Amino acid sequence: MSLKSTDSLTPGASGGLPPTQKAGKRFSMPKRPAGTVYRGREGMWSWVLHRITGVAIYFFLLVHILDTALVRVSPEGYNAVMSTYKNPIMGLGELALVAAIGFHALNGLRIILIDFWSVGTRNQRLMFWIVIALWAVLMLGFAPRHLMHIFGG
Amino acid sequence: MTATLDAPRSKPAPRRTNWEKWGWIYMRASGVVLVVLIFGHLFVNLYAGEGVKAIDFGFVAGKWASPFWQWYDAALLWLALIHGSNGMRTIVNDYSTGPRLNTWLKRAIFVSTVLLILLGTLVIFTFDPCPTGTAADLLPSFCAAR
Ligand code: HEM
């Protein structure tokens with residue numbers, strides 16, 4: 000059995016209609032082509048970014064566990080692989096990775112607030128922009144210092 | 000009109016564990032802990048001191064000589080990898096609609112997760128910061144060989 004992430008966890012509660020059509024009935028939303036849940040704006044794009052960053056971090060983590068395992072094989076081998084992480088191209092990759100993790104972490108907290116905070120859903124759009132603002136502050140703090148480490152300043 | 004009643008004292012329908020729900024809860028619980036663990040990890044390894052330039056065998060040995068960092072990194076390994084794998088399972092269910100491919104992708108995720116957790120945990124807890132036969136300048140400062 001495979002549930003899609005948009006499926007209802009309580010079968011029966013959803014009635015016969017797909018969520019978009021039900022929403023259209025209850026809140027008289029603008030009519031959309033049936034069968035799509037892509038509605039644009041902050042809600043959709045935050046989800047797209049959360050998904051892409053999640054996958055990117057996942058594949059990095061697979062590699063990162065393997066490269067770290069080299070400390071158990073040989074100190075020389077570990078140091079040789081780590082030295083490739085210190086060239087400028089990888090340095091920019093690390094910057095992108097931190098940017099991805101920063102967004103995923105902050106937006107993850109936003110998702111949790113939407114789920115558990117009584118007025119979370121009502122404020123999801125505002126919270127998205129707060130996530131972007133906090134993320135920008137974080138990157139302004141990290142990027143110059145990391146670039147100095149990489150390009151030697 | 001005839002009303003039908005359940006036979007008295009019959010067993011209620013068996014309630015099975017809702018794994019999908021526990022997965023949902025796990026994503027959120029692990030997420031909160033991961034924010035703290037990952038920000039600490041990035042701060043110590045990439046921001047403090049010389050950043051990525053300072054990372055070598057001596058740096059890792061200096062950290063894993065202490066049980067605190069061993070358990071810190073083990074928690075990071077388990078929480079992040081299971082969180083990531085469960086997230087990937089969601090994505091496979093969303094996009095891979097053929098039943099065969101769907102099953103095989105999820106098996107691949109499961110097997111790689113188990114193997115990497117075993118490997119990572121073994122590496123962290125069987126680690127020797129002062130291996131014999133290693134050039135002294137690669138070792139952390141507290142090793143007797145230095
Ligand atoms: C930094 C702390 C993190 C927080 C707060 C966080 C939070 C979340 C949340 C709340 C979800 C949504 C789950 C759902 O909708 O049921 C999620 C999904 C996901 N996360 Fe994380 N996460 C974090 C770190 C990570 C890491 C380290 C990885 C990779 C190993 C990762 C990979 C994923 C993936 C692949 C998904 C599925 C995305 C989707 O279904 O669209 N996350 N995360």
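Chains A and B are the protein sequences, given in the same order.
Numbers 0 to 152, taken from numbering that gives the first Met the number 0, label the letters of the first sequence in order.
Numbers 0 to 145, taken from numbering that gives the first Met the number 0, label the letters of the second sequence in order.
Just so you know, even glycine gets a beta-carbon here, dropped at the ideal spot from N, CA and C.
Quick caveat: nothing in here was measured; it's all calculated off a predicted structure.
Any C-beta of chain A under 9 angstroms from that of residue i
i	result
F126/B	yes
D93/B	yes
R27/B	yes
P98/B	yes
L138/B	yes
Span of the alpha helix (DSSP H) around residue i
i	result
S45/A	40-68
N92/B	66-94
D114/A	87-115
S9/B	Per DSSP, S9/B belongs to no alpha helix (DSSP H) and is neither H nor E.
A60/B	56-63
K52/B	K52/B -> no alpha helix (DSSP H), and no H or E assigned at all.
A142/A	123-150
P98/B	98-124
A28/B	18-41
T83/A	74-83
Residue i: CB within 8 angstroms of a non-hydrogen atom of ligand 1
i	result
W23/B	yes
G30/B	yes
W70/B	no
I56/A	yes
G48/B	no
S4/A	yes
L96/A	no
Beta-carbon proximity list for residue i, same chain, < 8 angstroms, skipping 5 on both sides
i	result
W68/B	K62
I37/B	L75, A79
V32/B	A74, L78
is_contact[residue i, chain B] using C-beta, thresh 9 angstroms
i	result
T120/A	no
V54/A	yes
I149/A	yes
G90/A	yes
Cβ neighbours of residue i in the same chain (closer than 6 angstroms, five flanking residues each side left out)
i	result
Q84/B	One point to set straight first is that residue 84/B is Ser, not Gln, in the sequence displayed. Correct list, in chain order: I108, T112.
Close-in-space but distant-in-sequence residues of the same chain around residue i (CB under 7 angstroms, 5 per side omitted)
i	result
W77/B	I116
V80/A	D66, L69
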